[in-house]
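**Student:**
In this note's numbering, the protein residues as written are 17 to 210.
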């Protein structure tokens with residue numbers, strides 16, 4: 017059976033929408049449709065779509081980012097994920113983190129190496145590399161290390177003045193000090209003496 021996905025998006029000016037439909041046999045199909053019915057285009061196996069003004073971005077299997085603008089599609093290979101805000105694009109590649117201005121086409125490699133988490137708000141960027149929280153601000157053009165023991169999801173506050181993440185404990189307990197309690201235990205275990 018063909019099914020319609022509950023996810024959809026509407027461009028800010030209301031002229032374009034995207035939605036997905038598909039079946040287990042055919043896979044999902046990403047659709048870009050103009051609301052006045054003068055344009056309709058389908059992208060088989062497209063996922064992770066987003067609008068940014070006149071740009072429509074989505075990913076394809078095989079680590080490819082597609083950028084649709086003015087009835088043409090540009091394909092960028094080796095992009096595992098992306099984030100876009102205010103026409104500023106962050107590309108997470110297998111070996112680098114790249115900042116691209118879609119208006120000018122200018123790209124800058126921010127960090128070389130694998131990155132596990134990214135938070136981006138259009139002017140500043142936070143990312144985790146091997147448990148180290150790093151921060152980059154566009155107008156300063158330098159990377160600062162904020163903490164050396166972070167994990168989990170990164171997020172900027174609404175005003176952009178704070179970053180939230182999960183901090184790892186300074187010292188993990190030794191395996192012999194860890195006791196696992198289970199709700200079906202016959203008796204409550206006592207903590208080991210200190």
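Built from N, CA and C at the ideal position, the CB exists for glycine as well.
1. To the nearest angstrom, how far is the alpha carbon of residue 61 from that of residue 82?
2. Can you check DSSP and say which residues form a bridge with residue 124?
3. Determine whether the beta carbon atoms of residue 46 and residue 65 lie at a separation below 9 Å.
4. Please tell me whether residue 134 and residue 97 are closer than 9 Å, where the distance is taken between their beta carbons.
5. Using DSSP's beta-bridge definition, name the partner residues of residue 203.
6. Since I believe residue 153 is in contact with residue 140 (beta carbons under 8 Å), could you give me their beta-carbon distance rounded to a whole number of angstroms?
7. Could you name the residues of the same chain whose beta carbon sits closer than 7 Å to that of residue 196, not counting the 5 residues immediately before and after it, in chain order?
8. Determine which residues share a DSSP beta bridge with residue 59 and list them.
**Tutor:** If we stick to the structure as given:
1. Sequence index remark: in the chain shown, residue 61 carries index 45 (1-based). Sequence index remark: in the chain shown, residue 82 carries index 66 (1-based). Taking the straight line from one Cα to the other gives about 12 Å.
2. To locate residue 124, count along the chain shown from 1; it is residue 108. DSSP lists 115 as partners of residue 124.
3. What you label residue 46 is simply residue 30 of the chain shown in a count that begins at 1. What you label residue 65 is simply residue 49 of the chain shown in a count that begins at 1. Result yes, Cβ atoms of residue 46 and residue 65 sit closer than 9 Å.
4. In the chain shown, the residue the question calls residue 134 occupies position 118. In the chain shown, the residue the question calls residue 97 occupies position 81. Residue 134 places its beta carbon less than 9 Å from that of residue 97.
5. Counting from one through the chain shown, the residue named residue 203 turns up at place 187. Answer is none; residue 203 lacks a bridge partner.
6. For the purposes of this step, residue 140 is identified with residue 124 of the chain shown, where counting begins at 1. For the purposes of this step, residue 153 is identified with residue 137 of the chain shown, where counting begins at 1. In this structure residue 140 is in contact with residue 153, their Cβ atoms being roughly 5 Å apart against a cut-off of 8 Å.
7. For this step, residue 196 is matched to residue 180 along the chain shown. Cβ contact annotation for residue 196 (same chain, cutoff 7 Å, sequence separation greater than five): none.
8. For this step, residue 59 is matched to residue 43 along the chain shown. In the DSSP output, where bridge partners are listed per residue, residue 59 has 46.
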